[in-house]
Amino acid sequence: NPNKTKLNSPQVKSGEQSVAYFPMLSTALGVVDIEVSAQSTIAADGVRRQIIVKPEGAPVSYNCPVFVNIDSKSSQKFEKSVTFTLPPSVVVGSERTRVKATGNLIGSSLSSLMSLITLPTGCGEQSLAKFAPDLYIAQYLNATGQLTDALKRNIIDVLEAGYQRQLTYRRFDGGFSPFGNYDETGSTWLTALTFRILSEASEFIYVDPLILSNSVMWIIDRQNLEGSFNEYGKVLDKNTQGTGTGPALTAFALLSLLDAENYVEKEACLKEGGSRCNYYERWGNATEKARTNLENLVASNAVGDQFPLALVSYALSKAKSPASNTALEKLLTFSQSGGGLLHWEANDTTVEPMQSHYFKWRPPRIQARPIDILITSYAILTYTQLGRIDEALPAVRWLTTQRNAQGGFSSSQDTVVGLQALSAFAAKSLQPGTDLNIVVATPTPLATFSVTRENALSLQIKELSEAPQELSISASGTGFALVDVDYSFNVASEVTTPSFDVSTVLLDDGINSFNLMICTKWLLKKETGMVVQEISIPSGFQPDLSTLGNVAGVRRSERKGGVVAIYFDKIGGSSLCYSLRMVRESKVAKSQSSYVKTFSYYSPDDQSTVFYLPKALRDSNICDVCVGCCPWLLQ
């Protein structure tokens, strides 16, 4: 009751402390102000704090990106309607709507440094995926003269933290792997990616050159005689890493070798010659062999799948090979176009279409699969590298409509490459002058935005006071802008067709602790790749991660806010079970259901969500969790 003050009169002796309990029952979601004051005959003090009352259920969010483009020669207004739907299991009152507008391709990403990816970051590839987009944004701002001192300091702080975190996944032999020295071998794919990103980051922060040169030699040691490369580490995502060798891995390694010239003792070789040329000559031979290998594959029409073809096209364009145009033209034969948009969809039948994941309810926009975003992004990078900027624009338009609410994409790899593509394109394309007035209505106007050349990099955000199921977006003026309508809510039951069979059993269910046993198995025919299981923690409890023990297949566990994330190399068709103990740390009664969300890291729409609620917590009241509160509460 906001109009009622609770009183408690503890006896506090000088130099001592006393605890006073004030039981509270929230009647609304959101931020609640709590003010506590104390006074005696000679003094008084007070403090104000906020608590956040969250809705029950599992969070769900989606966004509808809208690309606004009005030519200066056109007198027409831009108009588009956006329709939202809600599943039957939505938690009433949990709906939130937010509208954002920016006049730059990377504006929404710029405002979300380090949060473009909402997935956990407990392994080497995921850590790098947090790091790389911020680097590409910094490169874009620097290339266009928009990197202010304040923004540069912020980005440097982010990059330095990411660099130090990535070093924890470096192995004793100079390579990198998803879990560092806990893995049996290093990963060619991850070492190549780490080298490429850290070498580019050295433009802004200090990166130990010895670490980079050792990584280059580590990669070269994995090259075959004909120029291809082998992957001896774990293949976490076969859709993008293949089966351990092949043109995609060779192209990926070549991209890193092309950036390695400054880390193979080139200057020492040119000055001193002789034995000082060992590293430089090995690098030159390896780079030439990799390039020739890919050129021969393109000439013999041996690169048939779209993803390796897109990656080979980009690598050869960066190597300034004429074969890049040949590869790109072949890639174009697989493209899909219409409505001024251009994109690619993988012909891999093991990658299921996104719409197959939903039942009973479907969001108004189905985000493209990560593999499709990757193919299109590499095509944009190839166009940009070749200077064919105008031809890339339809693909850029499509890519911008696939972003999530944070400005990234659905998984880690597609966010890294997608942001790289948008940043590279934006740095080389001419940005027209923008002067737009944008109105969001129902039809009653709910939000207005003015997007100009001066504020193009800014991300304007407006929270709507209501959660309408239909919005109209209209714009007048000239130029282009990106408008995002973000819709979020909680659900009390599953809204997608489960890709995992997950069951929970509650053991030793008590008021102050319980053991949660979780058994999981995979339901689809393809392999899962890396799997993450997120367990939401009931209010008032904390997990005891030591109780997980040594479970086969569990690679790492961590707590992030109110969720425990557990990582698996993969999960198969047989149940994998483990137990996690939860222990009470604060006095919260009448707990709501918590969730267990399981998903394939590289294909997040392959997922399952189940709910659990210990009976003792469900039936608890204030007197059960706070015996000392009860007499006073009943007064």
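When we follow full-length UniProt numbering, the leftmost residue of the sequence shown carries the number 1, and every step to the right adds one.
Beta carbons are placed, not taken as given, at the ideal position from N, Cα and C, and that holds for glycine.
7 Å Cβ shell around residue i - same chain, five flanking residues per side excluded
i	result
ASN621	ALA589, LYS590
ASN224	ASN230
residue 675	Since the first residue shown for the chain is 1 and the last is 635, residue 675 is missing from the structure and cannot be characterised.
ILE117	Because the pLDDT of ILE117 is 46, which lies under 50, any placement of that residue in the model is unreliable, and the question is left without a value.
THR144	ALA427
ALA424	LEU381, THR384
ILE374	Position check: residue 374 holds Leu in this sequence, whereas Ile was assumed. Cβ neighbours of LEU374 beyond the five flanking positions: THR240, PHE307, GLN413, ASP414, VAL417.
PRO394	SER337, GLY340, LEU341, LEU342
GLY562	SER536, ILE537
LYS271	none
ALA201	LEU135, LEU159, TYR163, VAL207
ALA58	ASN490, VAL491, TYR595, LYS597, THR609
Integer-rounded CB distance, given that residue j should sit under 8 Å from residue i
i	j	result
VAL36	GLY46	7 Å
LEU436	LYS100	Rounded, the Cβ-Cβ distance is 14 Å, inconsistent with contact.
VAL485	THR598	Actually they do not touch by this definition, with Cβ atoms about 29 Å apart.
TYR595	SER557	Actually they do not touch by this definition, with Cβ atoms about 17 Å apart.
TRP344	SER337	Wrong, their Cβ atoms sit about 10 Å apart, outside the cutoff.
ARG96	ALA467	7 Å
LEU506	PRO614	5 Å
TYR163	LEU198	7 Å
SER575	LYS521	5 Å
LEU523	PRO498	7 Å
ILE219	THR191	6 Å
PRO616	ASP509	The displayed chain sequence assigns Ala, not Pro, to residue 616. Rounded, the Cβ-Cβ distance is 5 Å, consistent with contact.
Chain-order list of residues whose beta-carbon lies under 6 Å from that of residue i (same chain, five-residue window excluded)
i	result
THR83	PRO364, GLU470
LEU141	LEU147
PHE449	ALA101, ILE438, GLN460
VAL303	PRO247, LEU297, LEU309, VAL312
ARG170	PHE176
residue 636	Not covered by the structure: residue 636. The range shown for the chain is 1 to 635.
CYS277	CYS269
VAL495	PRO87, TRP361
Within 9 Å, strictly: CB atoms of residue i and residue j
i	j	result
VAL491	SER89	yes
LEU297	ALA379	no
ILE70	THR478	yes
SER256	VAL216	yes
LEU294	ALA323	yes
THR194	GLN166	yes
GLU226	GLN139	no
TYR182	LEU419	no
GLN406	SER94	no
GLU56	GLN607	no
ARG222	ALA251	no
THR528	LYS462	no
SER513	VAL583	yes
ARG555	PHE179	yes
TRP283	ALA260	yes
MET530	TYR612	no
SER472	ALA441	yes
Boundaries of the beta strand (DSSP E) in which residue i is found, first to last residue
i	result
ASP183	Taken as a continuous stretch (DSSP letters only), ASP183 belongs to no beta strand (DSSP E), as it is neither H nor E.
ASN437	435 to 441
ILE64	Looking at the sequence provided, one finds Cys at residue 64 rather than Ile. Element bounds for CYS64: 58 to 70.
GLU79	78 to 83
TYR263	It is not in any beta strand (DSSP E) - TYR263 carries neither H nor E in the DSSP assignment.
ALA150	Not the beta strand (DSSP E): ALA150 falls in the alpha helix (DSSP H), residues 149 to 167.
ARG618	ARG618 -> not in any beta strand (DSSP E); alpha helix (DSSP H) instead, spanning 615 to 618.
GLY558	Residue identity check: residue 558 is Glu in the sequence provided, not Gly. Per DSSP, GLU558 belongs to the beta strand (DSSP E) from 554 to 560.
SER594	594 to 600
Own chain, CB closer than 8 Å to residue i, minus 5 neighbours either side, in chain order
i	result
PRO120	Residue confidence is low: PRO120 scores 47 on pLDDT, short of 50, so the model does not pin down where it sits. No coordinate-derived value is stated.
THR547	ASN515, SER579, LEU580, ARG581
THR400	PRO65, PHE67, LEU105, LEU422, LEU482
ALA346	ASN239, ASP305, GLN306, PHE307, ARG369, ILE371, ASP372, ILE375
PRO10	SER18, VAL19, ALA20
GLN355	Note that GLN355 scores 47 on pLDDT, short of 50, meaning its location in the model is unreliable; the coordinates nonetheless yield the value given after this. Answer for GLN355: ARG362, ILE366, listed in chain order.
ASN8	ALA20, TYR21, PHE22, TRP632
Boundaries of the alpha helix (DSSP H) in which residue i is found, first to last residue
i	result
VAL625	622 to 625
Minimum Cβ-Cβ distance from residue i to chain C less than 9 Å
i	result
PRO59	In the structure shown, chain C does not exist; there is a single protein chain.
Residue i CB to nearest heavy atom of the ligand ATP below 8 Å
i	result
LEU374	This structure simply doesn't include the ligand ATP, nor any ligand for that matter.
- [ ] Let me know the beta strand (DSSP E) ranges lying completely inside the region 191 to 222, each 3 residues or longer, listed in chain order.
- [x] none
Task: Contained beta strand (DSSP E) runs [length at least 3] in the region 347 to 415, N- to C-terminal order - done: none
Task: Whole runs of the alpha helix (DSSP H) within the region 448 to 481, excluding any shorter than 4 residues - done: none
Open item on the list: In chain order, what are the residue ranges of uninterrupted beta strand (DSSP E) at least 3 long that sit wholly in the region 279 to 332?
Closed with: none
- [ ] Ignoring anything shorter than 3 residues or poking outside the region 485 to 548, list the beta strand (DSSP E) runs there in chain order.
- [x] As for any beta strand (DSSP E) of minimum length 3 sitting wholly inside the region 485 to 548, the runs are 500 to 507, 513 to 522, 531 to 536, 541 to 544, ordered along the chain.
Task: Segments assigned beta strand (DSSP E), at least 3 residues, entirely inside the region 23 to 59 - done: Runs of the beta strand (DSSP E) spanning 3 or more residues and lying entirely within the region 23 to 59 occur at 30 to 39, 44 to 53, in chain order.
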